[in-house]
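Residues -13 to 150 in this note's numbering are what the sequence shown spells out, letter by letter. Each residue gets a CB set at the ideal place from its N, CA and C atoms; glycine is no exception. So the structure is just underneath, and the comments pick up after that.
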Amino acid sequence: MQVAHQSKHEADTEQASWEASVSSWIDGEGEIRPEDLDSPYGRQVWDTYHLIGDTLRNPDLAVRPSDFFYARVSKAIDAEPHVVAPRALRHGALRAGLSGLAVAAAVATVVWVALPYFSDENPSRQVQVMASASEDPGLGDYLEAHREVVGASPIRRASFEVGR
């Protein structure tokens, strides 16, 4: 049984490959081998592929289906069994809760990072650090000499003064 199924599969694959090569011959992509078309089936496939190409190039050649055909197709579709799949699980409450938790965590993180910039706790400590750097007389002379050498610049220079 396995061997018969395997040989049928190989024959189907070989036939599909042959039909694909006929299609490429018609499209001008491959070399035509007339010996492959020397059978009634080969001639039928050749004619069918040419008919398909002609119909694609000229829609007037296409056969228009009748209303009876459309009715039969519609009836066949209605007669097909419906696929009954299990309902999708609803995670609406869980998803809404988790997204709200994520937003709250993001806001808490922003507040945690920004809070030191908005608090007025111990401002004298910050001023002292900046003041101690500007009290050094050697540093002041160096900065003054640097300003004279560099000259005017569109770039804002660093300042050790507390914001005014």
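Check, Outcome
"Alpha carbon of residue 56 to alpha carbon of residue 63, nearest angstrom", "11 Å"
"Inter-residue Cα distance where the pair is residue 30 and residue 52", "25 Å"
"Nearest-angstrom beta carbon gap, residue 12 and residue 27 [assumed within contact, 8 Å]", "Their Cβ separation, rounded to whole angstroms, is 16 Å, which puts residue 27 and residue 12 out of contact at 8 Å."
"Inter-residue spacing [alpha-carbon to alpha-carbon] between residue 91 and residue 83", "12 Å"
"Short Cβ contact (7 Å threshold) for residue 32 with residue 23", "yes"
"As assigned by DSSP and simplified to three states, the class of residue 151", "This structure leaves residue 151 out entirely; the chain is present only between -13 and 150."
"Residue 16 and residue 25 closer than 7 Å at C-beta", "no"
"Uninterrupted alpha helix (DSSP H) stretches inside the region 42 to 85 (no shorter than 4 residues)", "53 to 65"
"DSSP three-state assignment for residue 21, whether helix, strand or coil", "helix"
"Coarse secondary structure for residue 160, derived from DSSP in three states", "Residue 160 lies beyond the stretch modelled for the chain, which goes from -13 to 150, so this question has no answer here."
"Contacting residues, own chain, Cβ-Cβ under 7 Å from residue 47 (five flanking each side not counted)", "40, 41"
"Span separating the alpha-carbon of residue 105 from that of residue 89", "24 Å"
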